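Working notes, structure below.
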Amino acid sequence: MNLSLRKVALAAGCLMFAGQLLAADPSKEPKRPECIAPAAPGGGFDLTCKLVQSALVNQKLLTKPMRVTYMPGGVGAVAYNAVVAQRPADAGTLVAWSSGSLLNLAQGKFGRFDENAVRWLAAVGTSYGAIAVKSDSPYKNLDDLVQALKKDPGSVVIGSGGTVGSQDWMQTALIAKAAGIDPRKLRYVALEGGGEIATALLGGHIQVGSTDISDSMPHIQSGDMRLLAVFSDKRLDEPEMKDIPTAREQGYDILWPVVRGFYLGPKVSDEDYAWWKDAFDKLLASEEFAKLRDQRELFPFAMTGPELDTYVKKQVADYKVLAKEFGLIQ
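Per the working numbering, numbering through the sequence shown is continuous, rising by one, with the last residue being 1398.
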């Protein structure tokens, strides 16, 4: 990505925190830090963990890299329950989350634990939802797909991360609703994150992938995949993305940002939480982090601590309204 359009926005923050970008105090940093990606390798959670794995060491905020481990299941539910119930006070364990995690929380898909069960730490960037097909797909634009779905909703096999009600399901459900199609008549294959969606799509096991742009770009650049639409408010002003049409410009007024970040267990001490918050505040203010974020096809979205907690709670409340509209919850 080209940083030129972002430097102005970053400048004030960089100046504010420039004097704080000091080496981490080894006596205070968490022991054996670990980042849990709650899905199989290769998707957005993996990308989020590896982004900060590199950045925290590069900025000398950690003395050695975090381990990245994988805990797939329920598009985040297994990891959420494991951390809350089994590692509630482990200050070294960060878990990646996305807007899809918040949507699942809004529907009660994480079991007995709700959005108040963890300590929301940081949001580090955003992507946007997208509809992907193989490069040789007969669907050349979003309307081609919609017309096929109108003719026979069950004729198109759509891969999504998670089951009915997931973020990826919601993207296609919003398209179906706009086109007057019953979303429940669409034919879905539930997969575990963006990595599995890409594998299934390129392997011919599904015809359409409801995914996000960050997961897709490596396959777009290799020529194996195309995006019929991205759910941003306008075309993304990056050389490799500028030719990807939005759903809005094709007559479907659908926006779906995919915010990415991290949470900690509910009993992590205030002191340890403050250490991580300070580390992320410094990280998010640095131009070096902006470069790493851009390399991973993420756009700016920086928020930590109480401000993030307020944002998360509002998003969950908004998603509950949307879920009720689709009959997913009472």
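Glycine residues also receive a C-beta, built at the ideal position from the N, C-alpha and C atoms.
All of these numbers come straight from a predicted model, not from anything done at the bench.
Alpha helix (DSSP H) segment containing residue i, residue limits
i: arginine 1361; result: 1355-1363
i: phenylalanine 1348; result: 1338-1352
i: threonine 1116; result: 1112-1126
i: serine 1282; result: 1281-1290
i: threonine 1267; result: 1262-1270
i: threonine 1378; result: 1373-1393
Candidates the options: closest to residue i by CA position
i: leucine 1130; options: Ala1108, Arg1100 and Lys1219; result: Arg1100
i: glutamate 1339; options: Lys1128, Leu1376, Gln1121 and Arg1187; result: Arg1187
i: valine 1232; options: Leu1304, Ala1358, Leu1254 and Asp1362; result: Leu1254
i: glycine 1271; options: Val1201, Leu1213, Asn1149 and Pro1251; result: Val1201
i: glutamate 1393; options: Tyr1148, Asp1250, Ala1107 and Thr1116; result: Asp1250
i: proline 1400; options: Asp1114, Asn1209, Leu1360 and Ala1244; result: Nothing about residue 1400 can be reported from this structure: the residues present for the chain run from 1069 to 1398 only.
i: methionine 1309; options: Gln1363, Leu1259 and Lys1345; result: Gln1363
i: proline 1399; options: Lys1345, Ile1397, Ala1147 and Ala1107; result: The question about residue 1399 has no answer here: the residues shown for the chain are numbered 1069 through 1398.
i: glutamate 1264; options: Pro1109, Ala1105 and Pro1098; result: Pro1109
i: valine 1336; options: Leu1115, Thr1116 and Asp1158; result: Asp1158
i: leucine 1185; options: Asn1172, Asn1149 and Gln1289; result: Residue identity check: residue 1185 is alanine in the sequence provided, not leucine. Out of Asn1172, Asn1149 and Gln1289, Asn1149 has the C-alpha closest to the C-alpha of alanine 1185.
i: lysine 1208; options: Lys1118, Phe1369 and Met1293; result: Met1293
i: glycine 1291; options: Arg1252, Gly1176, Ser1203 and Met1139; result: Ser1203
i: aspartate 1305; options: Leu1259, Ala1347 and Leu1366; result: Leu1366
i: isoleucine 1322; options: Arg1252, Lys1096 and Leu1210; result: Leu1210
i: arginine 1361; options: Leu1115, Gly1179, Gln1289 and Ala1105; result: Leu1115
i: serine 1166; options: Cys1117, Gly1176, Val1125 and Val1151; result: Cys1117
i: alanine 1153; options: Leu1124, Gln1289, Phe1181 and Lys1350; result: Phe1181
i: glutamine 1127; options: Lys1350, Ala1342 and Ile1397; result: Lys1350
i: alanine 1246; options: Leu1170, Tyr1320 and Pro1098; result: Tyr1320
i: tryptophan 1324; options: Val1151, Pro1098, Glu1097 and Leu1171; result: Leu1171
Other residues of its chain near residue i: CB distance less than 6 Å, five sequence neighbours each side excluded
i: arginine 1155; result: Thr1161 and Gly1333
i: leucine 1262; result: Before going on, a small fix: residue 1262 reads as glycine here, not leucine. Closer than 6 Å at the Cβ level, and outside the excluded window around glycine 1262, lie Gly1111, Gly1112, Thr1279 and Asp1283.
i: isoleucine 1281; result: Ser1195, Tyr1196, Ala1198 and Val1298
i: leucine 1090; result: Residue confidence for leucine 1090 is low, a pLDDT of 44 falling below 50, so the modelled location carries little weight; the figure read from the coordinates is stated next. If we look at leucine 1090 and ignore the five residues flanking it on each side, it has no Cβ neighbours.
i: alanine 1266; result: His1287
i: phenylalanine 1369; result: Ala1191, Gly1193, Thr1194 and Val1327
i: alanine 1147; result: Ile1104, Pro1106, Met1139 and Val1163
i: alanine 1347; result: Leu1129
i: leucine 1352; result: Ala1370
i: alanine 1216; result: Val1224
i: glutamate 1260; result: Ala1107, Ala1108 and Pro1140
i: leucine 1124; result: Leu1130
i: tyrosine 1256; result: Ile1226 and Ser1228
Cut-off 7 Å between Cβ atoms - residues of its own chain near residue i, not counting five sequence neighbours on either side
i: glutamine 1121; result: Cys1103, Pro1133, Met1134 and Val1136
i: aspartate 1377; result: Trp1188
i: alanine 1174; result: Val1384, Tyr1387, Lys1388 and Ala1391
i: lysine 1381; result: Glu1183
i: glycine 1395; result: none
i: leucine 1078; result: Any reading at leucine 1078 is ruled out, since the residue's pLDDT is 41, under 50, leaving its predicted position unreliable.
i: glutamine 1289; result: Glu1308
i: alanine 1258; result: Ser1228, Gly1230 and Thr1231
Neighbourhood of residue i by C-beta distance below 8 Å, restricted to the same chain and skipping five residues each side
i: glycine 1248; result: Lys1218
i: glycine 1168; result: Val1143, Gly1144, Gly1229, Gly1230, Ser1234, Gln1235, Asp1236 and Val1326
i: methionine 1371; result: Ala1190, Ala1191, Gly1329 and Tyr1379
i: isoleucine 1397; result: Ala1174, Gln1175, Gly1176, Lys1388 and Ala1391
i: leucine 1119; result: Val1192, Gly1193, Leu1360, Arg1361, Arg1364 and Leu1366
i: aspartate 1212; result: Pro1206 and Leu1296
Boundaries of the beta strand (DSSP E) in which residue i is found, first to last residue
i: isoleucine 1322; result: Per DSSP, isoleucine 1322 belongs to no beta strand (DSSP E) and is neither H nor E.
i: glutamate 1097; result: Neither: glutamate 1097 is in no beta strand (DSSP E) and is coded neither H nor E.
i: alanine 1297; result: 1293-1298
i: alanine 1258; result: 1255-1259
i: arginine 1135; result: 1135-1138
Chain D within 8 Å of residue i, Cβ atoms only
i: proline 1374; result: No chain D appears in this structure, which consists of one protein chain only.
Segment contact, 8 Å Cβ cut-off, at least three pairs: the region 1327-1335 with the region 1189-1197: yes
Whole beta strand (DSSP E) elements within the region 1208-1237, 3-residue minimum: If we require 3 residues or more, the beta strand (DSSP E) runs fully inside the region 1208-1237 come out as 1225-1229.
Every unbroken beta strand (DSSP E) within the region 1142-1207, with a cutoff of 3 residues, ordered by chain: 1161-1166 and 1187-1202
Touch test, the region 1296-1314 against the region 1197-1216, Cβ-Cβ under 8 Å, three pairs minimum: yes
Touching by the beta-carbon criterion (3+ pairs, under 8 Å), the region 1224-1238 and the region 1269-1279: yes
Given 8 Å, three or more beta-carbon pairs between the region 1314-1325 and the region 1235-1242: yes
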